[in-house]
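Protein chains in written order, with the working numbering: chain A, 20 to 546; chain B, 20 to 546.
Next comes the structure, spelled out in structure tokens:
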């Protein structure tokens, strides 16, 4: 069986076989195992990152760091086919799903490379314009500057987006000037491991800038220092355990965790209208794409009571067309859940939802998975009509991480809609569908109080525009409360997790010399 | 004896007398005691803030919130004389020190009022410009918006700046749209308590927008919720205890804690030159002003070996002129330390410094405090010459919070200077004095790696410009590591601790309607 080693201190290191193996979730076959590096190898890797990788990156300009990202994106693009196949075998993704993960990662690397090129030949990124601080002394100014943290960034990822999650974190970390250690979720680590292998083979990374840990990191948290950063994606439970350590030692922690995302349909939207169709499209996408395993999948449709039956009918019409099975068969449109644990969690979640509603569509019927085996983690699209919004409490908070969507009848008063949505306890995304501008305004303002991203759609939104589940590198990704309270992406905002804002104050000439503004740089060189 | 009550749920509430009393540190006389509110009164106050104060503020525009701040600043200004006197009696401040605290608070309120007026008639503050997100669909845009958190802000303050600390936190919180609960340090709470009393009497605050807790808050941290924010100033030790709770519940925590600030003198600076004089001026200010009790006081002077004796001589010449005593006597230039605990800590710190160096100046000699009593917490300016920079380890980390300054001889190589400075473990401010531009650049870039604010001074800096200890509302205040990792002030950046950045995405017209851009607002009103 294939063995996946960590890459630490410029070496592929041996280690103990991890208890968790990597499987093909369509067949239940084991495809690889992980060799967990020793604590001393990890410590040596962290030391290399702190003393060599970090300092080297910090000496580079943004344009030079961007060049590294461009190289990484090119390697990814050249091996897209191979990476897609690994994502299909080890993650149960369809070809389209694999491309979304792998290609989305490549796109994000390119996006950050472009932002870095835009900053150009500068080591420091200013924040806002300079300020005159003394009316008596006109040359006395202040200027805010973003400065990389002096430690290491640890990217801990979830099992649903092994490629994209790694790519978006490493892109931001390297462009920010901070060396990076990748810790993929073991269950689907094949893609991330191969990406790091390809990047290392390509020889585009200075020593200590990118390293890889495989297996369980939790016993190693004590090796981090207060100038390190953890960027975590995963469950609120695991995040809470890490957070305890971060506060004890004091390093920075940014989390993106659970989310029960809601979409609200306006009372003005007529069955069959363009806005209606967009709503149904997005709901079907949320239920089927990547087998409903996106942290940004819409989970809850909040619908005026008299429209619930029509929504159910429209969803069922689409969901009955899907083909569940092994993505190795090109006719399959929904693959298995990523792991057996995820399958058990979805089954458990559905049992809980039944306590506050009833299942109105179970996709499986008498069908069996195409090209899979009984050991595959298959689950068919399911629609649950839960109790009216003012009654459903638990179900509004529950995130069933699979192809299950719930419909809740609500009084379409904006205050009620946003109160029912808020029962999610903090969400990554919320969506509003209506052509009634005052209604959209009121509901969206309500959602903004407990949501990281709010998607507003009317009949002018094209069906080919990004949908609410899509995380674009341009916009911040994260949400309050159970969604983790973190913030990722958002263009250059995404570098802030790896940098600190420093105030420079003093004589204008000196301040500009320290930052290295072009005018001053030339003059200093000539002096 | 004067009894200080909390203001919760629109009422001045009774409570248990706190164990800690308030003293006049010049005489040792008790001047007030605190009645600590009950847990149920606190819970009622938090509930009012969440259900009434917060929602009301969030409905206001920035201009309307700015009007509240203007009212608060006017009340402060009208009672400046009374507040100064309370700060002198209860804090041991000289008149100039009291004005720095009280007047600095008023100035900060005015500064944020002005920023709010600048944003004007808008409920939402945008972050960056709108972005086109779909090449196929030109009206599909993204826009980032700052949105207030839905919880309460708790401002926990240290004993050295009761007025300014309260003012700068409440100004940012109210302008951000978040209701505020003030928790002053008990030892010097007289000024803060009176400020809240005056603001309440003036009737300028909507219900639940500003409340006051007196006494020990630590047993109440469990009453906070995940959408609350703590803005803490105080010791790293207390901060760590609060941080443990914040992570258990999940609310936000921003801290400004200990700091051992360093100032580096360039090898080019000649004794008696303008840059030299500035360096000596700032060192004297750090040692004497507010009896050295500023978190931004310079503590460590890093000086080329051959210049150390001249620096000692210049400092001693100035320090021998000070008059220590009871600030009630107008001849006094240095008051007592704020509390008996602080005095013991300074004595202990000096014992530790002696282990790595020797005292070259002890101000007291045979002098006794002017107008004070033996129970006063007096301490005379003291200069310690510690071991060479490469040897001194503990002393570089120690923050002696009083009129004690240490001088360290260092090899003036920029890498050595910044390494010795970094032994502070993260600082609020660092300063560099030199006319050698490449040297300043190298040292300042080094300091930026572990410092929140870096002050660069040359012969062009006027002696009347702000000095490194001054915290201006324009610039961010905070630092990494033991300095707490938080960020305060910095103009509108200072609102970020109380807000979240939300991404709005969708049809351009709808996005603008949600934010309420003027053009859209008029059109919607007309529709």
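For each residue, glycine too, the CB sits at the ideal point set by N, CA and C.
Source: prediction; values computed, not measured.
Chain A within 9 Å of residue 282 of chain B, Cβ atoms only: Taking 9 Å as the CB threshold, residue 282 of chain B stays off the interface with chain A.
Other residues of its chain near residue 468 of chain B: CB distance less than 6 Å, five sequence neighbours each side excluded: none
9 Å Cβ cutoff, residue 298 of chain B in contact with chain A: Interface flag for residue 298 of chain B against chain A is unset, since no Cβ pair is found closer than 9 Å.
CB contact check: residue 163 of chain A to chain B, cutoff 9 Å: Taking Cβ atoms only, chain B reaches closer than 9 Å to residue 163 of chain A, which makes this a yes.
Inside the stretch 456 to 494 of chain B only - beta strand (DSSP E) runs reaching at least 3 residues: Listed in chain order, the complete beta strand (DSSP E) runs (minimum 3 residues) inside the stretch 456 to 494 of chain B are 470 to 476.
Residue range of the beta strand (DSSP E) that includes residue 380 of chain B: 376 to 381
Sufficient close CB pairs (3 or more, under 8 Å) joining the stretch 289 to 299 of chain B to the stretch 329 to 336 of chain B: yes
Per-residue DSSP class, three states only, for residue 258 of chain A: helix
Interface flag, residue 546 of chain A vs chain B, CB-CB below 9 Å: Its pLDDT being 48, under 50, residue 546 of chain A is placed unreliably by the model, and nothing is read from it.
Burial state of residue 546 of chain B, where buried means 16 or more other Cβ atoms lie within 10 Å: Note that residue 546 of chain B scores 48 on pLDDT, short of 50, meaning its location in the model is unreliable and no value can be drawn from it.
Partners in chain A for residue 485 of chain B, counting only beta-carbon separations shorter than 7 Å: 152, 153
Burial state of residue 457 of chain B (16 or more Cβ within 10 Å): exposed
Same chain only: Cβ atoms within 8 Å of residue 271 of chain A, ignoring 5 sequence neighbours per side: In its chain, beyond the 5 residues on either side, 168, 247, 248, 249, 265, 516 have a beta carbon closer than 8 Å to the beta carbon of residue 271 of chain A.
Beta carbon proximity, residue 535 of chain A to chain B, threshold 9 Å: Closer than 9 Å: yes.
Cβ-based burial, residue 70 of chain B [other Cβ within 10 Å; buried from 16]: exposed
Entirely enclosed beta strand (DSSP E) segments - the stretch 200 to 260 of chain A, minimum 3 residues: 229 to 231, 248 to 252
Touch test, the stretch 27 to 35 of chain B against the stretch 47 to 61 of chain B, Cβ-Cβ under 8 Å, three pairs minimum: Verdict: yes, contact present.
Residue 504 of chain B versus residue 449 of chain B: straight-line alpha-carbon distance, rounded: 16 Å
Whether residue 12 of chain B touches residue 488 of chain B by CB criterion (9 Å): No answer is possible for residue 12 of chain B: it lies beyond the span of chain B, which begins at 20 and ends at 546.
is_contact[residue 126 of chain B, chain D] using C-beta, thresh 9 Å: Among the chains of the structure shown, chain D does not appear; the protein chains present are A and B.
Backbone secondary structure at residue 397 of chain B - three-state DSSP: Assigned with DSSP and collapsed to three states, residue 397 of chain B falls in coil, not helix or strand.
Element boundaries [alpha helix (DSSP H), containing residue 307 of chain B]: 293 to 307
Partners in chain B for residue 79 of chain A, counting only beta-carbon separations shorter than 8 Å: Here the premise fails: no neighbours, minimum Cβ distance about 14 Å.
The stretch 467 to 479 of chain B: positions lying closer than 8 Å to chain A by Cβ: Under the 8 Å Cβ criterion, the stretch 467 to 479 of chain B contributes 467, 468, 469, 470, 471, 472, 473, 474, 475, 476, 477, 479.
Identity of the residues DSSP links to residue 36 of chain B by a beta bridge: Answer is B:54, bridged to residue 36 of chain B.
Spatial distance of residue 507 of chain A from residue 124 of chain A (CA atoms): It is roughly 14 Å from the alpha-carbon of residue 507 of chain A to the alpha-carbon of residue 124 of chain A.
Assigned secondary structure, residue 273 of chain B (DSSP; H/G/I helix, E/B strand, else coil): strand
Against chain B: residues of the stretch 136 to 148 of chain A by CB proximity under 9 Å: 142, 143, 146, 147
Residues that residue 25 of chain B bridges to, as DSSP identifies them: For residue 25 of chain B, the beta-bridge partners assigned by DSSP are B:32.
Pick from B:319, B:130, B:214 that is closest to residue 101 of chain B, judged by C-alpha positions: B:214
Nearest neighbour of residue 219 of chain B, chosen from B:88, B:281, B:532 [CA to CA]: B:88
Length of the line joining the Cα atoms of residue 286 of chain B and residue 529 of chain A: Rounded to whole angstroms, residue 286 of chain B to residue 529 of chain A spans 17 Å at the Cα level.
Rounded separation between residue 432 of chain B and residue 165 of chain B - CA only: 44 Å
Simplified DSSP assignment, three categories, for residue 81 of chain A: helix
Interface partners of residue 19 of chain A on chain B, CB under 9 Å: Nothing about residue 19 of chain A can be reported from this structure: the residues present for chain A run from 20 to 546 only.
As assigned by DSSP and simplified to three states, the class of residue 370 of chain B: helix
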